[in-house]
Structure formats: C-alpha cells, structure tokens
Amino acid sequence: MAAPLNLNDRARLEALGWTAALDAAWAGQPDGLVPGRVSLEHNHVYRVLTADAEWLAETAGKIKFEAEGRNELPAVGDWVGVRPDETGGRVQIRAILPRRSWFSRKAAGRGTTEQVLAANVDVVFLTFGLDIHVKERALERYLVVARRSGARAVIVLNKADISPDLAADVAEAVAVAGGAPVHAVCAKEPGGVAVLEKYLGAGVTLALLGPSGAGKSSITNALVGREVLPTGEVRDWDARGRHTSVHRELVVRERGGLLIDTPGMRELQLWGADDVVDTFADIAALAAGCKFRDCRHDREPGCAVKRAVEDGALDAARYAGYLKLQAEQETLERRVDERALIDAKRQGKIGSKALKSHYKLRDKNR
Ligand code: GDP
Ligand code: ZN
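Heads up: the sequence shown runs through residues 1266 to 1631, numbered per our numbering.
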C-alpha cells in the first residue's frame, strides 16, 4: 500500500488539482509510486507533473495489455502513479487513478472504442463567437456533451464587441441553457474576460469547447496572461494542411487554476445515450403521454410529442433537433454493438450464425 503523501507534496499536488477523493484512491496503490498529473500526450509519450518534478513517461506494458479500450489508457488531465527513474530517463505510468469526469470521442478509424481527450475537468466553457448567430441547436448539442462529461458547463458568448444585439443573444442562450450560467465576454479587450476568473480557483481544471474561430485560444491566452496558444491569425499549418500543434496540453496558471487545451475536443462526437433525454427534459415529460412505452416520437401512432408539435406546445425546430440527435445516437450505438459482436466472434465467443442473425434483425428494423 502507498504511504500517505507528506503535507508539502500534497499542497503542491492540490495546486495541480488533487482532491480528497484521490487520497483514498492513492492509499490503494502499490508502494513505491509517485502521484502525478498528465499534462501532455504526443504519440503515446506523456509529460507527467509530480509535486517536485516533470517527467517524460510511457505506459507500463501491464496497463497497455490489460486495457480493453483506449479509454483505459492515460489521457491529458489524468492522475497517474509513476515509478521515478534514478537515471533521469523516461518513467513508467504504472497506475491510472479514477477519473471524476472526462471528455471522450470515438477513436479515429473505423472502430468505435472510446478515446479520452481530457480527464478530470471541473468546468467547461462552451464558447461561441457572436460574430456568427449562435444556433440554439448547436448550444443544445454542446450542453449534451458537457453533461455527459461530468464537468460543470458555463456558456461563454465571446466577441461581445461585435454583436449586433447583445441583450437578445444572451437572452436566447439563457433560454436553452437549462440553468447553466451565461456570460458575454470580449477576449480582445483588456479585462474583457475578467468575469470568468471566478471559475478558475486554485486547483480547478477548466476546458474550452466550441466551434473553431469562437475565440477559445484568445480566451485561454487572456486567462493565462501570456500567449500559450496561437490564435486564428498566426496559427500555422503544415504542408498537408494539418494543424501543427496537435499535442494536447494542460497549462498551470500562476494565478491558480489549470486549463486543458485539447484540439481533438474541437471535433467531439456524441458519446452516451441518456444525455439526449436529460437535455430534452420537456420532450421526456411529454413522452409519458405516448401510447407506446418505447415510442421514438417519430412515426408511431398515438405520440404525445408529435401532438404537442401540432398543437404548437412544442417548438417544431426543437423537435427536429431532438430527432436528429436521436438518430445520430442510434447510429453510434449500432456501430458499438456491431463492433462488440465482431470482437466477440474473433475471440471465438460466438459463432458467425449469431452475427448473421444480428444483421438480419438490424436490416429488418431499418
Ligand atoms: P479558436 O479557434 O476558438 O481558438 O479562436 P481564436 O482564439 O483563434 O480566435 C478566432 C478569431 O477571432 C481571431 O482572429 C481572434 O483575433 C478573433 N477574436 C477572438 N476574440 C475576439 C473578441 O472578443 N472580439 C473580436 N472582435 N474578435 C475576437
Ligand atoms: Zn411519442
């Protein structure tokens, strides 16, 4: 069992986001490990911040072999246990402590395993630029992603300086925010993001999510107080048109708080099912009146949701947004199911007959 942390180390770790819940998790780790937080990942090499050092790290073979998916590999923001290396070489990540929240996406390629993009995020700024009209549907989608992650969502409307009607923009966002705070800011003006400071207390980890060009890099730089990220004007692209800084990074603020910038989060896909229902609580409430308990509110007879749209009690655009999200969710789930079946077959757990009948059933249901 790991020895309790000394007070000095613990205080330094707290500045990196260590919490009381981690003390308990740490007690169960093997002796001889040092706790640290993953601040950067690049081609499976990690940078890990410990109480008094910074290490380059690799994942221990045991973790790699035992991982059933990429979500069981370390990610930026993870708390890990490393074995320090006397020679000053790369250390090994021997343990990943439980995550209190995480953002994930379908791993690149045809598979449907989950890849964690950022772990242990406390607050997420859902960031939009007011130079473009913020679509309510887009806001709802980002709220779904935020809710799924376990982080607290805050809606940030940037470029307040060029909004044609700021009051209307804010009111529209508040209407769909579902209780999440809404702030209008201006990253370009000195002090223009001061209202966001209160979310970045000591040890609080923040991530920014939102469409490209919304001002996420500008806000990050303003909050950190230096140019940690290139903004739209100066970002450079390599010969193949790829963004050159593809690494994911955790920035520790001198004033307290941490920011995670993960470019991958900019193309986040939905993952997880229940959140659609949570975000559309009004539709879930109406569904109690549907004739069929498993009504999809699409083509089923006796659907209370469709009736509400016809009566004008439910906004038709909101209903359409719901259907679109539901369809996406189902496609994703189907792929996950198929993947699991194919994997099971490969491992000889089921015969090809079961796979065939699955496809037949699926095609019949389409
Ligand atoms: P990102 O893609 O979300 O990281 O967005 P950037 O931070 O790169 O900003 C995109 C563009 O918007 C850049 O040209 C910024 O200079 C500009 N921008 C950022 N914040 C503001 C703002 O508050 N007002 C105005 N007018 N422009 C801004
Ligand atoms: Zn229905």
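By construction, the Cβ of each residue, glycine as well, lies at the ideal position given by its N, Cα and C atoms.
About 11 Å separates the Cβ atoms of A1449 and V1439, ruling out a contact at the 8 Å cut-off. In this structure, N1385 places its C-beta atom within 8 Å of the C-beta atom of G1282. Taken from the Cβ of D1426, at least one heavy atom of ligand 1 lies inside 7 Å. Proximity of the beta carbon of A1286 to ligand 2 is not indicated: no heavy atom of the ligand is located closer than 7 Å.
Taking A1467 as the centre and dropping the five residues before and after it, the same chain places the C-beta of E1279, A1280, G1521 and G1522 closer than 8 Å to its C-beta, in chain order. Between the C-alpha atoms of R1518 and V1493 there is a straight-line separation of about 11 Å.
T1470 and G1342 do touch by the CB rule: their CB atoms are close to 6 Å apart, below 8 Å. Within the stretch 1268-1313, the beta strand (DSSP E) runs of at least 3 residues that lie entirely inside it are, in chain order, 1299-1307. Where R1572 is concerned, the enclosing alpha helix (DSSP H) starts and stops at A1569 to D1576. L1551 places its beta carbon 8 Å or farther from that of A1582. Sequence-distant Cβ neighbours of I1427 in its own chain, meaning closer than 7 Å and more than five residues away, are L1395 and D1396. Secondary structure of D1526 (DSSP, three-state): strand. Nearest in C-alpha terms to V1458, of all of G1490, L1590, Q1380 and K1589, is G1490. Residue environment analysis places P1269 among the exposed positions, since fewer than 16 neighbouring C-beta atoms fall within 10 angstroms of its C-beta.
The C-beta distance from L1298 to R1312 rounds to 17 Å, too long to meet the 8 Å contact threshold. Relative to ligand 2, the nearest heavy atom lies less than 7 Å away from the CB of A1569.
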